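Asks:
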Ligand code: NAD
Ligand code: UDP
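Residue numbers (this note's numbering): 536 to 872.
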């Protein structure tokens, strides 16, 4: 089976490409390289030991997408392409709606032209807003507090509407919790542009000496030590979730919405300690103000993924931190080093 991976040069897409190829799928990567480098693909090719078909283009361009479908008989799409910085989405909402929402609609339109009607979409736990309780189940109320989150909710709804209009579509909406970690080789990993927004790259850049200290956003939450609690999931476990979803997609009778998380929550300070253990480096931090829009606690109930995908996360926080440290210490400047 031939799989189109949009955003395949990015962090989660590159890891998923490896597992897809190892599972015997053929992969075509489609990316506009707005947040990725070609070097990531070269390194994925080195890991899997074969060349990967790559087409540079934008999901908002029908012409770019048609080139893919004319050149390849695509059986299913895993759709990672999108912009993901929450703060930036507040400043540039139209850019986010155009890229994430319009781009996804154009992608579905062109898929349908070529009778390709299976899609796995990267959604996010952000669609649960501030959950009334944890762990979070898939049927919890949905809300969004910023344009990024709203773009995920909108695409989920668009895809459900697409199914209502044509029940031949096979749709899986995967709601990721907090992806961290890197491939065990240490050759690919998360390589954020500029100042990282997310906790893990900030911690690892502090440990490697690129940042002076981590600002811990609030220590007065109602949590184990007052700092925010999240469900960190190893990117390779997350990638495996996509492979399991793809293996089963033909059998799903209706759109599936599935949490991909571990079910365990760790605080910011627990992550700092775990990283210090893994790296044997000190991670300096200062307590700062709460970050606007943050919630105290967010972790998944992952039992539905176990039931319908036969999937569960296998890697714990020590392995996540060890793998991030291998990537960060071997590539202190990311892919450009
Ligand atoms: P990433 O930025 O590393 O990867 C996204 C890729 O999409 C990049 O390679 C980028 O160049 C490409 N891209 C963006 N817009 C495009 C467009 N218009 N046309 C073609 N390519 C385009 O991000 P990631 O962390 O790998 O995330 C992948 C997906 O998972 C995103 O949709 C993101 O919103 C979602 N997600 C990520 C997280 C997370 O914390 N990393 C959490 C939940 C959901
Ligand atoms: N966080 C922090 N300092 C940072 C980045 C994040 O204290 O520099 C905290 C943040 O407040 C949250 C947790 O780390 O409690 C995870 O944040 P991240 O941005 O990685 O993910 P999300 O907010 O999407 O869950």
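Glycine included, every Cβ here is placed at the ideal spot set by N, Cα and C. All values reported here derive from a predicted model rather than from experimental measurement.
Please confirm whether residue 540 and residue 615 have their CB atoms less than 9 Å apart.
Replies: Yes. Within cutoff.
Asks: Distance, Cα to Cα, residue 685 vs residue 679?
Replies: Straight-line Cα distance between these residues: approximately 5 Å.
Asks: Based on DSSP bridge pairs, tell me the residues matched to residue 791.
Replies: In the DSSP output, where bridge partners are listed per residue, residue 791 has 707.
Asks: Short of 6 Å in beta carbon distance, which residues of its chain neighbour residue 715, apart from the five on each side in sequence? Order them along the chain.
Replies: Hits under 6 Å: 735, 767 and 855.
Asks: Can residue 553 and residue 582 be called in contact, C-beta distance under 9 Å?
Replies: Yes. Within cutoff.
Asks: Mapping DSSP to helix, strand and coil, what is residue 833?
Replies: Residue state, collapsed to three classes: strand.
Asks: Where are the alpha helix (DSSP H) runs, 4 residues long or more, that stay fully inside the segment 752 to 813, in chain order?
Replies: For the segment 752 to 813, whole alpha helix (DSSP H) runs of length 4 or above, ordered along the chain, are 770 to 783.
Asks: Measuring CA to CA, which of 671, 706 and 659 is closest to residue 790?
Replies: Considering only alpha carbons, the answer is 706.
Asks: In the DSSP assignment, find the beta strand (DSSP E) that holds residue 587 and state where it starts and stops.
Replies: Per DSSP, residue 587 belongs to no beta strand (DSSP E) and is neither H nor E.
Asks: Can you find the residues in the same chain that come closer than 6 Å, C-beta to C-beta, to residue 797, ignoring five residues on each side of it along the sequence?
Replies: 766, 768 and 848.
Asks: Applying the criterion that 16 or more other CB atoms from any shown protein chain within 10 Å of the CB defines a buried residue, is residue 725 buried or exposed?
Replies: Buried.
Asks: Tell me, to the nearest whole angstrom, how far the beta carbon of residue 639 is from that of residue 690; I am working on the premise that it is less than 8 Å.
Replies: Rounded, the Cβ-Cβ distance is 5 Å, consistent with contact.
Asks: Counting pairs of beta carbons, one from the segment 640 to 652 and one from the segment 597 to 612, are three or more of them closer than 8 Å?
Replies: Because the criterion of three Cβ pairs below 8 Å is met, the segment 640 to 652 and the segment 597 to 612 touch.
Asks: What residue range is occupied by the uninterrupted alpha helix (DSSP H) comprising residue 697?
Replies: First-last of the alpha helix (DSSP H) with residue 697: 682 to 700.
Asks: Confirm, please, whether the CB-CB distance from residue 811 to residue 818 is below 9 Å.
Replies: Yes. Within cutoff.
Asks: Just the Cα atoms here: how many angstroms apart are residue 547 and residue 757?
Replies: Near 31 Å, if we compare the C-alpha coordinates of residue 757 and residue 547.
Asks: For residue 605, count neighbouring Cβ atoms within 10 angstroms of its own Cβ and tell me buried if that reaches 16, exposed if not.
Replies: Residue 605 comes out exposed.
Asks: Is the beta carbon of residue 712 sitting closer than 9 Å to the one on residue 780?
Replies: Not closer than 9 Å, so no.
Asks: Can you tell me where the alpha helix (DSSP H) holding residue 550 begins and where it ends?
Replies: First-last of the alpha helix (DSSP H) with residue 550: 546 to 557.
Asks: Drop a sphere of 10 angstroms on the beta-carbon of residue 786, count the other beta-carbons inside from all chains shown, and report buried for 16 or more, exposed for fewer.
Replies: By the 10 Å Cβ count, residue 786 comes out exposed.
Asks: Once DSSP output is grouped into helix, strand and coil, what is the label at residue 896?
Replies: The structure shown has nothing for residue 896, since the chain only spans 536 to 872.
Asks: Report the three-state DSSP secondary structure of residue 737 (helix, strand or coil).
Replies: Correct three-state label for residue 737: helix.
Asks: Would you report the Cα separation of residue 666 and residue 774, rounded to the nearest angstrom?
Replies: The alpha-carbon atoms of residue 666 and residue 774 are separated by roughly 25 Å.
Asks: Are the beta-carbon atoms of residue 578 and residue 723 separated by less than 9 Å?
Replies: Contact: yes.
Asks: With DSSP as the reference, label residue 602 as helix, strand or coil.
Replies: Of the three classes helix, strand and coil, the one that applies to residue 602 here is helix, per DSSP.
Asks: With a threshold of 8 Å, establish whether the CB of residue 799 neighbours any heavy atom of the ligand NAD.
Replies: No, Cβ of residue 799 sits at least 8 Å from all heavy atoms of the ligand NAD.
Asks: Roughly how many angstroms lie between the CA atoms of residue 814 and residue 575, to the nearest whole one?
Replies: For residue 814 and residue 575, the distance between alpha carbons rounds to 23 Å.
Asks: Keeping to the same chain, check which residues put their C-beta closer than 7 Å to that of residue 632; ignore five residues upstream and five downstream.
Replies: Counting only Cβ-Cβ distances below 7 Å, and skipping sequence neighbours, we find 682 and 686.
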